[in-house]
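Residues in the sequence shown are numbered consecutively from 778, following the numbering used here. Glycine included, every Cβ here is placed at the ideal spot set by N, Cα and C. Structure, as structure tokens:
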Amino acid sequence: MLLFAASLKVYFGQDAYVEIHDNLDSSHAWLATLHQHDLFFSGGEEEVPMLSGMERDYFMSELQLGNLIYHLFSPFDAHVLNFIIKLCIGFLSFLLLAREIFGKTARYQVVVPLVSAAYALLPGYENLFIAQASLPLIVFLYIRYLRSPAPWVLLTILVYPVLSEFPRYGIFLCGLLGAVFIYFLFFDRLMAQRTLLALVVLAIGYIVTDYRVFRLMLLSDEVTIRADFAIAPGDFWKLVKDGFLYNQYHAQSKHLYVILPVAAVGFIALLDFQAFSRGFFQGVKESAKGFELRIYLALAFVICVFSLVHALYNGTEYKHFLQTIIPPLSGFNFSRFIWLNPLAWHLIFVVSLVAIGRRFTSIVSWILALSHLLVVPATPSYGNDLANTVSCRYLSECSSKLTYRQFYSQQLFEEIKERVSYRGELVVAFGFHPAVLTYNGFFTADGYHNAYAREYKKEFRELIRPTLDASARYANYFDNWGGRAYLFSPEAGYQPTISVPSDVVRLPVDPEQLREMGIRYIISFYRFGQDSKEVLKQVGVFSTNESPYTVFVYEVQRASK
């Protein structure tokens, strides 16, 4: 199955439907920009050509494998390689962990390879594919170190962060190790010492590989837009339910259809019914002696706690309280503890399958494991590029979706750069994601980033003030978050589609601020009306056979005296 998935990824090439949200519109384009401008190993204050020039330290570390491959390969080749590496690491690391916990008995050997493959195929946030896939590896290394504290294990823990990332995984792993350390302080001093050493070594590894993050945290006094985040809490109970049933779309567990019902049956199968005949409490006591049930209950507890933390953080004022009492942690989203749940769900799945196989037959366990392995890649969802591509190409018509090749339309934008003799002047996008321009070598004044300077946000707000004054929706969206510094308009969206917009729209910016910021071109999917004639001069209308876009290029005119 893994080989088939990798083959499909290569076969579809740039005609695949690759996830746009939080991927092609952001992280993938950032990495492509670092590659094109040879900025991976540059100094922290080196300028990255988006949002009028952001410091290099605000982008990904070059010391992490998922990012480094973008330095070594072209962006799309790196995208494919990232997927293949994720499959390999996810499969092997889960296999190692399952064998470390459960041993190599025949009952486990029947299902563990299938569950390992399913875990490796889980969709999610592409820039963290390898970090998600490698979670079983760090758990395996920690357990192995507790059992046998060999130097090679500690050394591997030290270099593990090359596969991970501190802000979105490392801080939670270190927090968990800290909690385990406190637990062992009361019950097992030797295990506490080993846990503390593993924690220190892991933290050192993260400090080295994510040195840019720590440099910003400790040395930079620049206030970013994160200080303005004021997102209203969601529905607490809905978040509890959705977190438990679906996890979070950036780190999907795909446990609803197969794992959850199997886990329910598996729990019953793990109980000692003979002991229950001597009384309920005796049954609980005797059943709890079983290693597998204790593992099951521990994992279920972790899942419930992380789901609750996710709901508390996003559905109450808890996060504002945390940010007030511990300001340095305000940049971290602690609801992301739930990103660790996919691993816990799949370990529960293994335990449940073996319990069911013991009660019935191993064939039943094998069929259930295979069912989950088929469900994971076959269900279209966020980040599941293969399922989405197969669905759009062979099963349904996706008239509103774009392939990777269409989304970036490199040939079209190369033609635009050639026709206008582009030499690195500031540009902005209208009617589509600025990442398309960034990817194609333009220096953009707009963009998508969740940690750019608050001062620049104020400057950009002046640019789009006419739209924000006219639209409470966009004003709330930008003022209380601001991650997307886009030219918003009530008359036009920014999600590009196959259909070509024919509307004529009003210029949604302040002309004086447009000139003040030094913006030379507006590259638009919409034609501007008569109100823009004193501000903009149409340079040309561009289209190619390979692109679904029709692009209007406008040059900003100097103010008349």
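> According to DSSP, which residues form a beta bridge with Asn-1024?
Replying inline: BP columns for Asn-1024 point to Gln-1029.
> Can we say the segment 1130–1142 touches the segment 899–919, given the rule of at least three CB pairs closer than 8 Å?
Replying inline: no
>> Just verifying my parser: in three-state terms, what is the DSSP assignment at Leu-1048?
In response: coil
>> Rounded to the nearest angstrom, what separates Ala-927 and Ile-934 at their Cα positions?
In response: 11 Å
> Name the DSSP beta bridge partners of Thr-1221, please?
Replying inline: DSSP output for Thr-1221 lists Val-1204 as bridge partner(s).
>> Tyr-788 and Thr-1180 - do their beta-carbons sit closer together than 7 Å?
In response: no
>> Quick test of your reading: Val-1213 and Phe-1184, contact by CB under 8 Å. State the CB separation rounded to the nearest angstrom.
In response: Contact holds; Cβ gap of about 7 Å.
>> Using CA atoms only, rank isn't needed, just tell me which of Ala-875, Asp-834, Leu-973 and Ala-855 is closest to Asp-987.
In response: The option with the nearest alpha carbon to Asp-987 is Asp-834.
> Cα-Cα, which of Asn-1110, Pro-938, Ser-1173 and Ser-1198 is closest to Asn-844?
Replying inline: Pro-938
> What distance in whole Å lies between the Cβ atoms of Ala-1146 and Leu-891, which are believed to be in contact at a cut-off of 8 Å?
Replying inline: 4 Å
> Using the beta-carbon count (16 or more within 10 Å), is Gln-1188 buried or exposed?
Replying inline: exposed
>> For Arg-921, report the span of its beta strand (DSSP E) as first-last.
In response: Segment 912–924 is the alpha helix (DSSP H) holding Arg-921; no beta strand (DSSP E) there.
> Cα-Cα, which of Phe-1006, Tyr-1199 and Arg-1250 is closest to Phe-1109?
Replying inline: Phe-1006
> Beta-carbon separation of Gly-1092 and Gly-1011 under 7 Å?
Replying inline: yes
> When the Cα atoms are used, what is the spatial distance from Met-739 to Asn-1024?
Replying inline: In the structure as shown, the chain starts at 778 and stops at 1338, and residue 739 therefore has no counterpart that could be examined.
> When burial is assigned at 16 or more other CB atoms within 10 Å of the CB, is Gln-1051 buried or exposed?
Replying inline: By the 10 Å Cβ count, Gln-1051 comes out exposed.
> In three-state DSSP terms, what is Ile-1241?
Replying inline: coil
> If we count Cβ pairs, one from each stretch, closer than 8 Å, do we get three or more for the segment 1215–1229 versus the segment 957–974?
Replying inline: no
> What are the start and end residues of the alpha helix (DSSP H) that includes Arg-989?
Replying inline: Counting along the chain, the alpha helix (DSSP H) containing Arg-989 begins and ends at 988–996.
> For Tyr-1171, is the classification buried or exposed, using 16 other Cβ atoms within 10 angstroms of its Cβ as the cut-off for buried?
Replying inline: Exposed, by the Cβ-count rule.
> Between which two residues does the alpha helix (DSSP H) containing Leu-785 stretch?
Replying inline: 779–789
> Does the segment 950–960 come within contact of the segment 847–861, defined as at least 3 CB pairs closer than 8 Å?
Replying inline: no
>> Please report the straight-line C-alpha distance between Ile-846 and Ala-1088, rounded to a whole angstrom.
In response: 35 Å
>> Suppose you measure from the CA of Tyr-1271 to the CA of Asp-1280; what does that come to, to the nearest Å?
In response: Their Cα atoms are separated by approximately 14 Å.
> In whole angstroms, what separates the C-alpha of Thr-882 from that of Asp-799?
Replying inline: 42 Å
>> Taking the straight line between their C-alpha atoms, what separation do you get for Ala-980 and Leu-1150?
In response: Distance from the CA of Ala-980 to the CA of Leu-1150, rounded to the nearest whole angstrom, comes to 34 Å.
> Quick one: what does DSSP say Tyr-1393 is sitting in, helix, strand or coil?
Replying inline: Residue numbering for the chain in the displayed model covers 778 to 1338; residue 1393 lies beyond these limits and cannot be assessed.
> Under the three-state reduction of DSSP, which class applies to Met-968: helix, strand or coil?
Replying inline: Here Met-968 sits in helix by DSSP.
> Going by C-alpha distance, which of Ser-1309, Ser-1324 and Thr-1321 is nearest Tyr-1331?
Replying inline: Ser-1309
>> What would DSSP say about Glu-1192, mapped onto helix, strand or coil?
In response: helix
> Below 7 Å between beta carbons: does that hold for Gly-1043 and Ala-1132?
Replying inline: yes
> In the structure shown, what three-state DSSP assignment does Gly-820 receive?
Replying inline: Three-state result, Gly-820: coil.
> Name the DSSP bridge partner or partners of Ala-1230?
Replying inline: Thr-1001
> Which residue comes first and which comes last in the beta strand (DSSP E) that contains Ile-1300?
Replying inline: 1296–1301
> Helix or strand or just coil, what does DSSP make of Glu-1332?
Replying inline: strand
>> Within a Cβ cutoff of 6 Å, which residues of the same chain sit near Ile-1275, ignoring the five residues on either side of it in sequence?
In response: The residues are Ser-1176 and Pro-1325.
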